[in-house]
Structure formats: structure tokens, C-alpha cells
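For reference, the structure is listed below as C-alpha cells.
2 protein chains.
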Amino acid sequence: MTTLEKNTPLEENSRRMELVRAAAKLFRDQGYERTTVRDLGNAVGLQSGSLFYHFRTKEEILVAVMALGISSTTEQLERAIAKAGSTREKLSALFHVHLNSLLGDNQAALEVMLYEWRSISEAAKPGLILLRDRYEALWQAVLDEAAAAGLVKPDTRLLRRTLLGSLHWSVQWYRKDGELSVDKLADRMLDLVLIEQSK
Amino acid sequence: MTTLEKNTPLEENSRRMELVRAAAKLFRDQGYERTTVRDLGNAVGLQSGSLFYHFRTKEEILVAVMALGISSTTEQLERAIAKAGSTREKLSALFHVHLNSLLGDNQAALEVMLYEWRSISEAAKPGLILLRDRYEALWQAVLDEAAAAGLVKPDTRLLRRTLLGSLHWSVQWYRKDGELSVDKLADRMLDLVLIEQSK
DNA sequence: GTCTATAGCATGATAGAC
DNA sequence: GTCTATCATGCTATAGAC
């Protein structure tokens, strides 16, 4: 692998991937700026200088973390929607996939995407915005379908934004060791947005 | 003012306050870690060394920014609730005060509170948590009253958390130069949470 | 592919003059 | 109360050996 090929999109089980996963946890816990390349090296058993064989800059690691977080969540959501039988099930999938990704064991990456945006250079933003838009388009389509079916209120663009805000914020208060499971939380959040059916 | 008195809670029109307001904007735009004491000095026409006459550390400035943001919003909400005539008006005040504070001209401070929490040392957290709890208690009381009146769904603790998440997230997408005013946005967000009355 | 060593620079904070 | 000067440290990234 030459220096010019460092932007290779994805490789499982590689050193690069191992590094990205470790970086996701460190960036989430300490923040990107407070995490040094020495911290990153320690986390995977490398000297700080050796990192720069795998990534050109520290920011390139941050971008890789974010891209991983958003694109893996998008893929999960696409699969869940494809498998859903009804509009109601698709709506439910939005909540379950998002929360399991955000609050699940292996998904510090998505959290980093939400809270370290300011550290992304202008040059790197367009690519990440594309990934984010693809994810939000999935949401929009399902919400539009649900509104047409009378399940949720018709102001779906604002609804999408408020719901995503609600879900994102859960990382600030949800505790895994509490009594509320992630899936139960998803169901209760869904209940809050469903229009009550008058008979 | 001696060194020992640097924790004086509040002073209007002081150099300290001027610095806190400038710091709020810088911390919001660049992040706390990326903002240097030299940046802070420049913003108020001081050399970096001179800052440390007013604050012992850079973190002390961050804490002051957050305390200002949350406590001034709390005071505004207290006044608005006291003035409200009905439960419905109190509910409306939650949205209008929060969004005007968060998205208004002079309130970068509240945004910093939301996004720089990780940079706060353990020693400084309890005081800020106290301020936050006071604010959220106001919300909880109004939501409980609104649920009792049938205006919103009864799961008010989760409702409080999802609503605050929705409102916080608005800083990520709301544009002041757009067609939607802050107060109109508050009304539409309120509409999304109100239970539709069956006749 | 990883190491050691370090260049080159920015950082938060302090000391003492005024 | 602000300035100048600077200390001590930490940072990202590079160079070259292995």
C-alpha cells in the first residue's frame, strides 16, 4: 500500500480499521482535540510515529471514524426497512436502528459524528454531508409514508429534525445499566410521536 | 479585587462579563480546546497574559460561560411562567424561551453548555449540574401540569428529555436568515407535541 | 510495518515592570 | 489593570534505521 492509496474506503480486520474503532472510543470519551496521537498509538500498541504510516494526518482518522459511524448505521437502516412489512414497522425501525446504533456497544463512531463536527476541515465536510443526507433521506421517506397513513403529524420535515434531535440527545442521559432497555426506550419514544387513534 | 475573590458570582458591565460574552462566541464557533488564550485576549483587546488577572485558568472562563447561559435562560423562563395565564400558555413559554435563548443573538453561552460538557473538570461539574437541574425542574412541572390537563401525553419524564433534545438540536440546522422566525418555529414545534383534540 | 529520535511550533500560565 | 517576556510543556508530523 503506497502513500497515495491511504484513502482506500474500507477494509475489515485491517490495522486501519482497528485504529478507527479505538479512535472512536477515545474521541467520544475525551473529545478529538484532547486525544493525542500518543493516546491513539497506545490504544492499538503502536508508537505515535507509526500511526502516520496508516493515516496521513490525525484529522484523516476523525473523518474515517465519522464515515464509519454514519454509513454503517445507514446500511442497517436500509436492511431493516427492506425487511419491514408495514408502514408502522418501517417507522418503528427508524427508532430501533438509530438507538441501537447510537447507544450500542460498538458505536461510539456515530456519537463522534454528532459532537465533533466543528473539528472537521472545510475540505472534508462535503463527503460526510453526502453520507448524512443519504441517511436522512431514508428517514424522510418513511415519515412521509407514515404521515400519509395518518400515523404521525403531517409536518414531516420538521418532524424529522425534532425526532433526530430527540434521539441524538439520548446519549446524554441514557444509562445502559439502568432498567430501561434500548428497545423499550425506542418503543416509548415511538409512542410519543404516534397520533392517538380516535375510534 | 484580590486573587481570592475571582469566583465572584456575577458583575454586569465588568471586564469579566465582557470576556465571558466574547468567550461564549469563540467557544461556540471554534470549540473550547481550539480556542487559545491568545484568541480570547484578542477578542477583548488584551494580551493573553492579562487574562489571568481576571480568571485563574482558561477552564474558569468556560465554567463562567456555561453558568451564564443556563442561569439567564432559567431566569427568563421563570418570569415567562409567572406571567402566563393558562397551562397552555406555560407550555408555550417553554418552547419560546428556550429557542429564543438558544438561537437568539446574545446566547452563544447556552450552546457552549450543550456541546463542551466534556471539557469540564469533575471538580466543576456539581455546580453546573445544580443549575441545569433547576432549569429542568421548571420544565418537568409545566409538563406534568399539561399532561394532567390532557394537552400532552402522560409519559412526561421521557417527554421532557425528548423535547429538550429536539430543541437543542435546532442549533444544528436552524438558519436565522431563512424564512422561519424563531417564534414561528417554537409554535410549530409545540404543535407537534400537542395531542389532537377529538370532538 | 514499526521503531527511535526529534524538528518545529503552539500552548497555558507566570513574573515582574509600569 | 495591563504589558512584555518567557518558562515549561505538549503537540503533530517527519526522517531514517531496522
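Line by line, the protein sequences are chains A and B.
The numbers in this note's numbering rise by one with no breaks, and the one at position 67 of the first sequence is 67.
The numbers in this note's numbering rise by one with no breaks, and the one at position 25 of the second sequence is 224.
The beta-carbon is built from N, C-alpha and C at its ideal position, and this holds for glycine as well.
- Task: Starting from Trp139/A, find everything on chain B with Cβ-Cβ shorter than 8 Å and list it in chain order.
- Result: The sequence position of residue 139/A within the first sequence is 139, counting from 1. Taking a Cβ-Cβ threshold of 8 Å, none of the residues of chain B is close to Trp139/A; the smallest such distance is about 13 Å.
- Could you tell me which chain B residues have their CB closer than 7 Å to the CB of Arg34/A, listed as they occur along the chain? Sequence index remark: in the first sequence, residue 34/A carries index 34 (1-based). The answer, in chain order, is Glu232.
- Just the Cα atoms here: how many angstroms apart are Leu180/A and His168/A? Residue numbering aside, residue 180/A sits at position 180 when the first sequence is read from its first letter. Residue numbering aside, residue 168/A sits at position 168 when the first sequence is read from its first letter. Note on geometry: alpha-carbon atoms of Leu180/A and His168/A lie some 17 Å from one another.
- Message: With a threshold of 7 Å on Cβ separation, who are the neighbours of Asn100/A within its own chain once the five nearest residues in sequence on each side are excluded?
- Response: Mapped onto the first sequence, residue 100/A falls at position 100. These residues qualify, in order along the chain: Val182.
- Task: Could you tell me whether any Cβ in chain A is nearer than 8 Å to the Cβ of Thr256/B?
- Result: Start at 1 with the first residue of the second sequence, and residue 256/B comes out as number 57. Cβ-Cβ to chain A under 8 Å: no for Thr256/B.
- Could you tell me the distance, in whole angstroms, from the CA atom of Ser320/B to the CA atom of Arg237/B? By 1-based counting over the second sequence, the position of residue 320/B is 121. By 1-based counting over the second sequence, the position of residue 237/B is 38. For Ser320/B and Arg237/B, the distance between alpha carbons rounds to 22 Å.
- Item | Within chain B, the residues that Lys25/A reaches when beta carbons sit closer than 9 Å | The sequence position of residue 25/A within the first sequence is 25, counting from 1. In chain order: nothing, as chain B lies at least about 13 Å away.
- Ignore the nearest five residues each way along the sequence and tell me which others in Gln246/B's own chain have a CB closer than 7 Å to its CB. One-based indexing of the second sequence puts residue 246/B at position 47. Closer than 7 Å at the Cβ level, and outside the excluded window around Gln246/B, lie Gly240.
- Quick one: is Gln229/B near chain A, going by C-beta distance under 8 Å? Here residue 229/B refers to the residue found at position 30 when the second sequence is read from its first residue. Chain A, which has a Cβ nearer than 8 Å to the Cβ of Gln229/B, makes this yes.
- Message: For a cutoff of 8 Å on Cβ pairs, would you count Tyr115/A as touching chain B?
- Response: The residue given as residue 115/A occupies position 115 in the first sequence. Chain B contact via Cβ: present.
- Task: List the residues of chain B whose Cβ lies closer than 7 Å to the Cβ of His98/A, in chain order.
- Result: For the purposes of this step, residue 98/A is taken as residue 98 along the first sequence, with counting starting at 1. Going along chain B, no residue has its Cβ under 7 Å from His98/A, so there is no contact; the nearest lies around 12 Å.
- Message: Please classify Lys153/A as buried or exposed, where buried requires at least 16 other C-beta atoms within 10 Å of its C-beta.
- Response: Counting from 1 along the first sequence, the entry for residue 153/A is found at position 153. So Lys153/A ends up on the buried side.
- Mind checking Trp338/B: buried by the 16 CB within 10 Å criterion, or exposed? Counting from 1 along the second sequence, the entry for residue 338/B is found at position 139. Trp338/B is buried by the Cβ-count criterion.
- Using a Cβ-Cβ cut-off of 7 Å (strictly less than) and excluding sequence neighbours within five positions of Lys58/A, which residues of its own chain qualify? In the first sequence, counting from the first residue as 1, residue 58/A sits at position 58. Val37, listed in sequence order.
- Among Ile269/B, Phe294/B, Met265/B, which residue has its Cα nearest to the Cα of Ala279/B? Counting from one through the second sequence, the residue named residue 279/B turns up at place 80. Cα-wise, what sits closest to Ala279/B is Phe294/B.
- At a CB-CB cut-off below 7 Å, which residues of chain B make contact with Thr162/A? The residue you call residue 162/A lines up with position 162 of the first sequence. Going along chain B in sequence order, the residues near Thr162/A (Cβ under 7 Å) are Ser365, Met388, Leu391.
- Inter-residue Cα distance where the pair is Asp144/A and Gly284/B: Walking along the first sequence from the start, residue 144/A turns up at place 144. Walking along the second sequence from the start, residue 284/B turns up at place 85. Taking the straight line from one Cα to the other gives about 36 Å.
- Task: May I have a chain-ordered list of the alpha helix (DSSP H) segments no shorter than 4 residues that lie completely inside the region 285 to 366 of chain B?
- Result: For the region 285 to 366 of chain B, whole alpha helix (DSSP H) runs of length 4 or above, ordered along the chain, are 286 to 302, 307 to 314, 324 to 347.
- Task: Go ahead and pull the three-state DSSP assignment for Arg56/A.
- Result: Along the first sequence, one-based indexing puts residue 56/A at 56. The answer is coil: DSSP assigns Arg56/A none of H, G, I, E or B.
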